[in-house]
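Participant: Handing you this structure, nothing more for now.
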Amino acid sequence: MTTSIGPDVAHAAALLRAGELVAIPTETVYGLAGHGLREDSLRRIFAVKGRPLTNPLILHFGSVAQLAGYVRMAAVPAAAHQLLAAFSPGPLTLLLPRDPATVPGLVTAGLPDVAVRIPAHPVALDLLQRLDFPLAAPSANPFGYISPTRPAHVLSQLGGRIPYVLDGGPCEAGIESTVVGFGPAGEPVLYRPGVISLEMLQAVVPAARLRTAPETVRPAASPGLLPYHYAPHTPLQLFGPGLAGLPPFAAATTGALTLREPLPGLPAAQQVVLSPGRGDLAEAAHGLYAALHHLDALGLRLLLAERLPATRLGLALNERLEKAAARR
Ligand code: TXA
Ligand code: MG
């Protein structure tokens, strides 16, 4: 199969209606999208991604109003409505009671809740609003590898396996959406950290909290809960913040990813500084996966990445780095 790439939303919609897969831009990362209600398309997503069927998919919608046919609205906690009002469209995924009459069990891996999200990317919204069905879309990377934030990342990873990449430019936010479920009292529970931090959730619903240990080991659950994820092929080791814990390294075969300043003693061509001089975390998030893709392609033996300041967005970024480093 030849993979073409372009900005043709109508073409993408036609392919998706026919059950084909299309890589789509969102404000977080590129998604590997398919018809969210067709079993053949859903199976194709799992096959192309190499993802186990036990790992559920997010359904993407063009508006909050569209959720009604797929979520049991009467059972949706009040806090979910508040979060939707505050953050949708946006980098927020909510786990809401699935309507089993419309949502295939394959989408949720048999779990009672379905993950739903309204992405804030204009091209994604245009596409979703042309369709009369939701799109199932995991990040458009092979299972366990670094998520794509540019069309070129999708092409290098999934080229030849899907017919079309809908080009929406580089993703603005750069890391995956914040995943939020609801506890026994209807309180928001943070399942996967993202651009929307716990503090931002609490500003809308004060009872929002992190998940507890028993919630962490729940069912087949979040790939977010796997020991490694988001990982480059080159072994990755973390240090810092700053130069604390920097291991000895061979300058010729080592690459580095830092926040504010390059690592002394390494050639500039083997380094990416995420936010030179500024140390801005939003800028770091925007460039994080592109930096990992770039460094991974250099054929080095070791990548060193600096831990980021552990506040808000920094926590979400460190979570991705820890998972990327856990592969070996
Ligand atoms: O930003 C994003 O969320 C991107 C873009 C494409 O929208 N999508 C994405 O999908 O990151 P994926 O499949 O790579 O990650 C989805 C996360 C996983 O941690 C998954 O386990 C969790 O959401 N999830 C999905 N459905 C779930 C469910 N029914 N119950 C619990 N967790 C669920
Ligand atoms: Mg993913």
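Here the sequence shown stands for residues 1380 to 1707, where the numbers follow this note's numbering. Virtual Cβ for every residue (Gly too), placed ideally from N, Cα, C. Nothing here was measured: the structure is a model prediction, and the numbers come from that model.
1) Kindly indicate the opening and closing residues of the alpha helix (DSSP H) around GLY1693.
2) Mapping DSSP to helix, strand and coil, what is SER1526?
3) Taking the C-alpha atoms as reference points, what is the distance between PRO1479 and LEU1485?
4) Just to confirm before moving on: does the CB-CB distance between ARG1438 and ALA1531 stay below 8 Å?
5) Given a cut-off of 8 Å, decide if LEU1636 and LEU1681 are closer than it, judged by their beta-carbon atoms.
6) What is the DSSP secondary structure of ALA1402, counted as helix, strand or coil?
7) Should THR1633 go down as buried or exposed, given a rule of 16 or more other Cβ atoms within 10 Å for buried?
8) Alpha carbon to alpha carbon, how far is ASN1697 from LEU1615? Give it in angstroms, no decimals.
9) Please state whether DSSP places ALA1555 in a helix, a strand or coil.
10) Can you give me the Cβ contacts of GLY1398 inside the same chain, cut-off strictly under 7 Å, excluding the 5 residues immediately before and after it?
11) Could you check where the beta strand (DSSP E) with ASP1492 kicks off and where it finishes?
12) Less than 7 Å between the CB of SER1442 and some heavy atom of ligand 2, yes or no?
13) Which partner residues does HIS1439 have in the DSSP bridge list?
Facilitator: With the structure as the only source:
1) Taken as a continuous stretch (DSSP letters only), the alpha helix (DSSP H) holding GLY1693 covers 1692-1704.
2) DSSP places SER1526 in the coil class of the three-state scheme, outside both helix and strand.
3) If I take the Cα positions, the gap works out to 11 Å.
4) The sequence as given places Leu at residue 1438; Arg does not occur at that position. Against a cut-off of 8 Å, the Cβ pair of ALA1531 and LEU1438 comes out as no contact.
5) With contacts defined as CB atoms closer than 8 Å, LEU1681 and LEU1636 fail to qualify as a contacting pair.
6) Looking at ALA1402 - three-state DSSP - the assignment turns out to be strand.
7) Around the beta carbon of THR1633, a 10 Å sphere encloses 16 or more other beta carbons of the protein chains shown; the residue is thus reported as buried.
8) One alpha carbon belongs to LEU1615, the other to ASN1697, and they sit about 13 Å apart.
9) The sequence given here places Glu at residue 1555; Ala does not occur at that position. DSSP places GLU1555 outside both helix and strand once states are collapsed to three, so it counts as coil.
10) Around GLY1398: HIS1414, ARG1417, ASP1419, SER1420.
11) Taken as a continuous stretch (DSSP letters only), the beta strand (DSSP E) holding ASP1492 covers 1492-1496.
12) No; taking the cut-off as 7 Å, the Cβ of SER1442 has no heavy atom of ligand 2 nearer than that.
13) For HIS1439, which the question treats as bridged, DSSP gives the partners ARG1496, LEU1514.
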